[in-house]
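What follows is one structure encoded as structure tokens, with my remarks underneath.
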Amino acid sequence: MLLYNTLSGKKEELKKPTNRTLKIFVCGPTVYDYPHIGNFRTFVFFDSFVKYLRLNGWRVFYLQNITDVDDKIIKRANEEKISWRSISKKFEKIYHSDEKKLGISSVDKYARATDNIKEIIKQTKTLIAKGYAYEIENDGIYFDISKFKDYGKLSKRTYLDAEDSVSRIDDSLNKRNKGDFALWKFSKPDEPEWPTDLGAGRPGWHIEDTALSGKYLGEQYDIHGGGIDLKFPHHEAEIAQAEASSGKIPFVKIWMHPGHLNVSGKKMSKSLGNFITMENFLSEHEGNVFRFLVLSHAYRSPINYTEETVENSENALKSIRIFLEKLDFVAEKTKNKKSETEEINKITAASGARIKDVLEDDFNTPEAIGEIFKLMSALEGKIWNLTKKDSYSVKKSIVLPLASLGFYIKTDKIPLKIKRLSEKRELSRTNKQFVQADALRNKIKELGYSIDDTPLGCFVYKD
Ligand code: AMP
């Protein structure tokens, strides 16, 4: 499989390991607020990616961290006058509940920063011992970026232009270089702290991930993912910490960075009033609609989220659902029990091969989805003439690639009342009572269903 590696700026081949699992780490949420649809662009993308690999015979171990101690969590807890733990617990629970509604189920291990303080201290000590970290009295322990000669190789910067990397936790006037970042921050009033032999305090942001990946994946692993905003400084810092402490290069083989999701052309932010939580979205739409919206865009490009993109996703999923229902209808009604026809076999095999090709080429999901639509339109005119076996094989060639991306398309069961009304309409039509037949069609429409008169009889579907 070819994957674009942010580190090399090229597509590189990823081979299926034969005697071990593929190891993937994706930066998980900072649990200080309701997760938004931007966060879930990243998480849905990686869920689909891992599902695809697994369905194609890859053995994968997928690790995600939970940042449950952080400036933003502490700030919110102090504002609300409650403990930082109740903030992180609440939003971690909401994160998992959103994941469930979105059908995200591929992560093998969620690891909280606060459950791994021992590993964080161990890595910090190694960095001190190797001369990459230094202490600032009454402040904390910092990574000296000028000591790591490869600093900047991911984001193509040098340690001298790294100052915009500084967040609150990394701020200190006494640092050796402006871009140095905190590994361990000594305790302050109203902040969580852990007693350790380096002094009581709390971890820096970047060390949490390398300590966790070291524990669960080892010093080197295959794929590291996260939204493009994390490339710098977070992932740059991770490379520095991991390669400096282990001495092994490369820390990670392939860095994958999905693009951002913007709302109506603007970065999502509370002050702009365009901040959409995943909960809000899911209160109005199904999880599949969001997955479709994400996968119908090339993963490295930004998504411009608008009402129209949501509507397009809903309509696309609806047309797939109706097509599958038509295939079920054919299987039920056709008298043609002959085996699959050569022509249909050729069409489905070519479609399957093209879908595989595009997914194996940097996981091009919009092209793969496009192929499914091409297949449906190539068969639309022939659908009522398919044999029973044809209808099964066509269904398989739509359902399987979608399932490999994490879609489960539910077909609708027509309620008895609607069935009865359509039978009545059919009878009116046969008796040439067209006024009654039209009135019944309208009634069915009002109840949310449509009718197509086909050579196999009357096909009813939900609007
Ligand atoms: P956070 O909770 O801020 O630590 O972010 C969790 C994940 O969401 C990270 O992988 C971020 O890169 C990603 N992320 C944050 N905002 C966006 C956005 N607008 N679009 C896509 N991914 C995002």
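End of the sequence shown sits at 712 in my numbering; the numbers just go up one at a time, nothing left out.
Yeah, the Cβ is synthetic: ideal placement off N, Cα and C, and Gly gets one too.
- Taking Lys374 as the centre and dropping the five residues before and after it, the same chain places the C-beta of Leu447 closer than 8 angstroms to its C-beta, in chain order.
- Fewer than three beta-carbon pairs drawn from the segment 315–332 and the segment 556–567 are found closer than 8 angstroms, and the two stretches are therefore not classed as touching.
- Boundaries of the alpha helix (DSSP H) around Met625: 614–629.
- Beta-bridge pairing by DSSP links Thr583 to no other residue.
- The Cβ atoms of Pro650 and Ile593 lie no closer than 9 angstroms to each other.
- The beta carbon of Ile456 sits closer than 7 angstroms to those of Ile369, Gln372, Thr373, Leu432, Gln490, all from its chain and outside the five residues before and after it, given in chain order.
- Secondary structure note for Glu262: its beta strand (DSSP E) is the uninterrupted segment 259–262.
- Here the C-alpha atom of Val579 lies approximately 42 angstroms from the C-alpha atom of Val512.
- A heavy atom of the ligand AMP is found nearer than 8 angstroms to the CB of Met517.
- The beta carbon of Tyr381 sits closer than 7 angstroms to those of Phe392, Asp393, Lys396, Phe397, Ala493, all from its chain and outside the five residues before and after it, given in chain order.
- For Val356, DSSP assigns no beta-bridge partner whatsoever.
- Taking all protein chains shown into account, Ser653 has 16 or more neighbouring C-beta atoms within 10 Å of its C-beta and is therefore buried.
- With a cutoff of 8 angstroms, Asn511 counts as near the ligand AMP, since its C-beta is closer than that to a heavy atom of the ligand.
- Per DSSP, reduced to three states, the secondary structure at Lys567 is helical.
- In the DSSP secondary-structure assignment, Thr316 is bridged to Thr279.
- The three-state secondary structure of Ile331, taken from DSSP, is coil.
- Taking 9 angstroms as the cut-off, the Cβ atoms of Ile498 and Tyr710 do not count as close.
- Per DSSP, the beta-bridge partners of Ser699 are Tyr710.
- For Thr555, the shortest C-beta to heavy atom distance toward the ligand AMP is 8 angstroms or greater.
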